[in-house]
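Peer 1: Let me begin by handing over the structure; questions about it come next.
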Amino acid sequence: MSQSRRVAIVTGAARGIGAGIALRLARDGLAVGVLDLEESAAAVTADAIAAEGGTAIAVGADVSDAGSAQAAVGRLAAELGAPTVLVNNAGITRDNLLFRMTETDWDSVMGVHLKGSFLMARAAQEHMVAAGWGRIVNLSSTSAVGKRGQGNYAAAKAGLQGFTKTLAFELGKFSITANAIAPGFVVTDMTRATAERIGVPWEQYVQERAAAIPVQRVGLPEDIANAVSFFVDDRSGFVSGQVLYVSGGPWG
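Plus 16 on top of the position in the sequence shown (first one is 1) and you've got my numbering.
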């Protein structure tokens, strides 16, 4: 690997939006640490990057555990080089109405989305500060403005927006930017699971969601990856602390 090649970490990159982001960053010329809970699952994305001639390694890590997050960043720094790009994409859903939601439902979602982003940012920022350059992108959601049955998820995604703006204030003097992307409806395994959970056929679900979107189509992982590509590039050096809704129209 060229010593000048920048190293990115993408969490939750085994599939869906995370895999799309990892592939795009590799195509942009970055070496990519593909993180997911199971290393074997992350390896699928890493292998796809390698098949295209890119550089990537798969790492299994629980981002909600401080030791696991720190160890993952340390391993990537040792094997790929100091990471100066971090994309906090890892996420889970435990949807339920308030009166049915358990403490475990709440804690699990907060742990992965909010605590996980904090732990990964804390571990990665030291490499960015040392390099005098860095990019942090946190994945929020249109659900941040509130959504029935997603009290935990909406709170976590709204929290990520505040966390992002705080990182921008604290890390800006080191030429580190922090921005958030809030996707709307995107075709992933997670949204397929939602359709299945509510008992709506997938094609019908997609058509109904597309009809409610101004551009009259649903999102794809590459739509989100395109936005990440801009935020982690030198072109975006004067853009920090922002939340970009990639949702096919105005939101919130």
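Cβ atoms here follow ideal geometry from the backbone N, Cα and C, with glycine treated the same way.
Owing to the predicted nature of the structure, the values given are computational and were not obtained by experimental measurement.
Does the Cβ of Val231 have 16 or more other Cβ atoms within 10 Å, making it buried, or fewer, making it exposed?
Peer 2: Classification for Val231: exposed.
Peer 1: Could you check whether Val23 and Leu135 sit closer than 8 Å to each other, using their CB atoms as the reference points?
Peer 2: Cβ distance not < 8 Å, so Leu135 and Val23 don't count as in contact.
Peer 1: One question on the structure: do Arg40 and Glu238 come within less than 8 Å of each other, judged by their Cβ atoms?
Peer 2: Yes, the pair counts as a contact, with Cβ atoms nearer than the cut-off.
Peer 1: Between which two residues does the beta strand (DSSP E) holding Val23 run?
Peer 2: Note, Val23: beta strand (DSSP E), 23-26.
Peer 1: Does the ligand ZN have even one heavy atom less than 7 Å from the beta-carbon of Ala160?
Peer 2: Inclusion of the ligand ZN in the displayed structure is not the case, the ligand content being empty and no account of it being possible.
Peer 1: When the Cα atoms are used, what is the spatial distance from Gly8 to Leu260?
Peer 2: Here the chain comprises residues numbered 17 to 268, so residue 8 is not present and cannot be evaluated.
Peer 1: Distance, Cα to Cα, Ser14 vs Ala160?
Peer 2: Shown here, the chain extends from 17 to 268; a query on residue 14 therefore has no answer.
Peer 1: Could you check how far apart the C-beta atoms of Val50 and Ala74 are, in whole angstroms? I think they sit under 8 Å.
Peer 2: So it is a contact: roughly 5 Å between Cβ atoms.
Peer 1: DSSP three-state label for Pro237, please.
Peer 2: The answer is helix: DSSP assigns Pro237 an H, G or I state.
Peer 1: Should the stretch 235-249 be called in touch with the stretch 210-217, which here means at least 3 C-beta pairs below 8 Å?
Peer 2: At 8 Å Cβ cutoff, the stretches do not touch.
Peer 1: Do you know offhand how far Val101's Cα is from Ser256's?
Peer 2: Going from the Cα of Val101 to the Cα of Ser256 covers about 14 Å.
Peer 1: Apart from the five residues on each side of it in sequence, which residues of its chain come closer than 7 Å, Cβ to Cβ, to Ala66?
Peer 2: Taken in chain order, the residues that qualify are Ala72.
Peer 1: Output yes or no for whether 8 Å exceeds the beta carbon distance between Met117 and Asn168.
Peer 2: In this structure, Asn168 lies closer than 8 Å to Met117 by Cβ.
Peer 1: I need the DSSP call for Gly264, collapsed to helix, strand or coil.
Peer 2: In the structure shown, Gly264 sits in coil (DSSP, three-state: anything other than H, G, I, E or B).
Peer 1: Within its chain, find whatever has a CB closer than 8 Å to the CB of Phe185; leave out the 5 residues flanking it on each side and keep chain order.
Peer 2: Answer for Phe185: Gly257, listed in chain order.
Peer 1: Skipping 5 residues on each side, what residues in its chain have a beta carbon closer than 6 Å to that of Gln19?
Peer 2: Residue confidence is low: Gln19 scores 43 on pLDDT, short of 50, so the model does not pin down where it sits. Its coordinate-derived value is still stated next. Hits under 6 Å: none found.
Peer 1: Hey, how far is the Cα of Met17 from the Cα of Thr120?
Peer 2: Note that Met17 has pLDDT 37, beneath the 50 cutoff, so the model's placement of it is unreliable and the number below is only indicative. Computed Cα separation, rounded: 43 Å.
Peer 1: Just how far apart, CA to CA, sit Pro266 and Gly200?
Peer 2: Their Cα atoms are separated by approximately 10 Å.
Peer 1: Quick check on Ala47: does DSSP put it in helix, strand or coil?
Peer 2: Strand, per DSSP.
Peer 1: What number of angstroms, rounded off, separates the C-alpha of Val248 from the C-alpha of Arg21?
Peer 2: About 13 Å.
Peer 1: Note down the Cα distance separating Ala211 from Tyr221, rounded to an integer number of angstroms.
Peer 2: Taking the straight line from one Cα to the other gives about 6 Å.
Peer 1: Starting from the N-terminal side, write out each stretch of the alpha helix (DSSP H) that is 4 residues or longer and does not extend beyond the stretch 177-230.
Peer 2: Here the runs fully enclosed are 205-214, 218-227.
Peer 1: Put Val244 into one of helix, strand or coil per three-state DSSP.
Peer 2: Correct three-state label for Val244: helix.
Peer 1: Which term fits Gln166, buried or exposed, when burial requires 16 or more other beta carbons within 10 angstroms of its beta carbon?
Peer 2: Gln166 comes out buried.
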